[in-house]
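Colleague: First the structure, then my questions, so here it is.
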Amino acid sequence: MATFTELLSYDNDVFRAYVFWSTILIVKTLSMSFLTARQRFKNKVFANPEDAGPQKAKVKYDDPDVERVRRAHRNDLENVFPFILVAFFYVLTNPEAYLAINLFRAAVISRIVHTLVYAVWVIPQPARGLAFFVCLGSTLFMAFKTIVFFI
Amino acid sequence: MATFTELLSYDNDVFRAYVFWSTILIVKTLSMSFLTARQRFKNKVFANPEDAGPQKAKVKYDDPDVERVRRAHRNDLENVFPFILVAFFYVLTNPEAYLAINLFRAAVISRIVHTLVYAVWVIPQPARGLAFFVCLGSTLFMAFKTIVFFI
Amino acid sequence: MATFTELLSYDNDVFRAYVFWSTILIVKTLSMSFLTARQRFKNKVFANPEDAGPQKAKVKYDDPDVERVRRAHRNDLENVFPFILVAFFYVLTNPEAYLAINLFRAAVISRIVHTLVYAVWVIPQPARGLAFFVCLGSTLFMAFKTIVFFI
Chain A
1 MATFTELLSY
11 DNDVFRAYVF
21 WSTILIVKTL
31 SMSFLTARQR
41 FKNKVFANPE
51 DAGPQKAKVK
61 YDDPDVERVR
71 RAHRNDLENV
81 FPFILVAFFY
91 VLTNPEAYLA
101 INLFRAAVIS
111 RIVHTLVYAV
121 WVIPQPARGL
131 AFFVCLGSTL
141 FMAFKTIVFF
151 I
Chain B
152 MATFTELLSY
162 DNDVFRAYVF
172 WSTILIVKTL
182 SMSFLTARQR
192 FKNKVFANPE
202 DAGPQKAKVK
212 YDDPDVERVR
222 RAHRNDLENV
232 FPFILVAFFY
242 VLTNPEAYLA
252 INLFRAAVIS
262 RIVHTLVYAV
272 WVIPQPARGL
282 AFFVCLGSTL
292 FMAFKTIVFF
302 I
Chain C
303 MATFTELLSY
313 DNDVFRAYVF
323 WSTILIVKTL
333 SMSFLTARQR
343 FKNKVFANPE
353 DAGPQKAKVK
363 YDDPDVERVR
373 RAHRNDLENV
383 FPFILVAFFY
393 VLTNPEAYLA
403 INLFRAAVIS
413 RIVHTLVYAV
423 WVIPQPARGL
433 AFFVCLGSTL
443 FMAFKTIVFF
453 I
């Protein structure tokens, strides 16, 4: 059996793909803050009196455009961190490289699509649902494999 | 002193228990999405107009049943990821196996109980408070041990 | 090139600083629960009927003091976990120690300042914005370095 030292190595294509795609996904998640700010400035709606400033923008919590981006961001928090943590454990099960790397790709690309159809273009369902389930399915599959391996 | 390579190993019972229990806890956290969806469909209350669909379900943000599950889910985000990250660092301090493994077990089981008493059965306090503090206490204990070791 | 085994080691100052500062930051994030509870008890405003108890405190979701702390907490979730995950990957790129350790310090201290100016003292802008961007900038810089290294 490959040791974890061999698996957590630059020479392991699976681990290298894991770090690359995870970092891409975190940058995507961080970019949600800018999407939220863009909606706040466009609609002049802020959550804090000190942000509304002298131009007397509104302080409110239910602007539909702002809340839509915030829901997309929260959905990222709920799904992106589980994916990254479980995928790390999954790398330790020494998975078949082709399968593992494509699971990472599919999950990350589906989360980017999720953001586009939820918070940028507002595409009708089932676009968002499908994007959501690709990443969730990938994470649950890896979690199952990890549990079976480490039980 | 054991090297980190020896600690991050399949032969280390503590690390194996860490991966197993962390993955269980992530699956539990992911399941909150299904609990939320169940309440949304039961009460016909959605957050997005495109989800309400042709059956003209309501779009609102303050349904008590939906929001209860969402608070339980958010509480998971606030406590589960800190536990998993700190427990990883704690494994590197080479803790006594019996203590470490039972800290992991207690934390994960208490978060499952937290979900049951908060979002499934709605049990009166102090059930939820106790479940909350078992995981938090376990995490803070491990954080303290980690800080002392790595300072 | 240093192997990951050499980098993920107690002898690597960068990794030791990473674990130390990350754990400090997680403890800070966990402390937001206490800040929220303090505001809830001070203003007698709870989110759940079972918490309001026999003293008949109010159940509401829009108390400005409580929501301010909750926004600060959510901003932690959005920024702290990305920082900790990306910094772990960044350690594997074998960065220059002086730079890496100061990036960790700056990010963690800026998040502590963020909490103080947002949820404890309520300092006017741009204090919060600056604190926010120091951690975000540090994370994005490390993410860029990681992507270039692992591509």
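Residue numbers (this note's numbering), protein chains in the order written: chain A, 1 to 151; chain B, 152 to 302; chain C, 303 to 453.
C-beta: ideal position from N, C-alpha, C; glycine also.
Would you mind sorting A2(A) into buried or exposed? The rule is 16 or more other CB atoms within 10 Å of its CB.
Modeller: exposed
Colleague: Does F171(B) come within less than 7 Å of chain A when only Cβ atoms are used?
Modeller: yes
Colleague: Could you list which residues in chain B have their beta carbon closer than 8 Å to that of I26(A), in chain order?
Modeller: Close to I26(A), with beta-carbon spacing below 8 Å, lies no residue of chain B; the smallest spacing is near 13 Å.
Colleague: Look up F197(B) in the DSSP assignment and give the residues it is bridged to.
Modeller: V210(B)
Colleague: Could you tell me the distance, in whole angstroms, from the CA atom of K330(C) to the CA atom of V321(C)?
Modeller: 14 Å
Colleague: Tell me which residue opens and which closes the alpha helix (DSSP H) that T305(B) is part of.
Modeller: Examination of residue 305(B) is not possible in this model, given that chain B is present from 152 through 302 alone.
Colleague: Quick check on DSSP: helix, strand or coil for R215(B)?
Modeller: Just to set this straight, residue 215(B) is Pro in the shown sequence, not Arg. Here P215(B) sits in helix by DSSP.
Colleague: Determine, using beta carbons only, whether F385(C) and A409(C) come nearer to each other than 7 Å.
Modeller: yes
Colleague: Quick check on R318(C) - is its C-beta less than 7 Å from some C-beta in chain B?
Modeller: yes
Colleague: Less than 8 Å between the CB atoms is what I'm expecting for R128(A) and H114(A), so what's the real figure, rounded?
Modeller: 6 Å
Colleague: In chain B, which residues lie less than 8 Å from R71(A) when you measure between Cβ atoms?
Modeller: A198, N199
Colleague: Taking only three categories from DSSP, how would you classify Q190(B)?
Modeller: helix
Colleague: Would you call the CB atoms of F89(A) and T146(A) closer than 7 Å?
Modeller: yes
Colleague: So which of H73(A), D65(A), K44(A), E50(A) has the shortest CA-CA distance to K58(A)?
Modeller: K44(A)
Colleague: When you check each C-beta in the segment 77-98 of chain A against every C-beta of chain C, which residues fall closer than 7 Å?
Modeller: L77, F81, I84
Colleague: Taking C-beta to C-beta, are R342(C) and V368(C) nearer than 7 Å?
Modeller: yes
Colleague: For V388(C), which of D313(C), D315(C), C437(C) has the nearest alpha-carbon?
Modeller: When C-alpha distances from V388(C) are compared across D313(C), D315(C), C437(C), the shortest belongs to C437(C).
Colleague: Would you verify that the beta carbon of T139(A) is, or is not, closer than 7 Å to some beta carbon of chain C?
Modeller: no
Colleague: Check S412(C) in the structure and name its three-state DSSP category.
Modeller: helix
Colleague: Please state whether DSSP places A310(C) in a helix, a strand or coil.
Modeller: The question names Ala, yet the displayed sequence has Leu at residue 310(C). It is coil, neither helix nor strand.
Colleague: So that I know if they touch, is there some Cβ in chain A lying closer than 7 Å to that of T307(C)?
Modeller: Taking Cβ atoms only, chain A reaches closer than 7 Å to T307(C), which makes this a yes.
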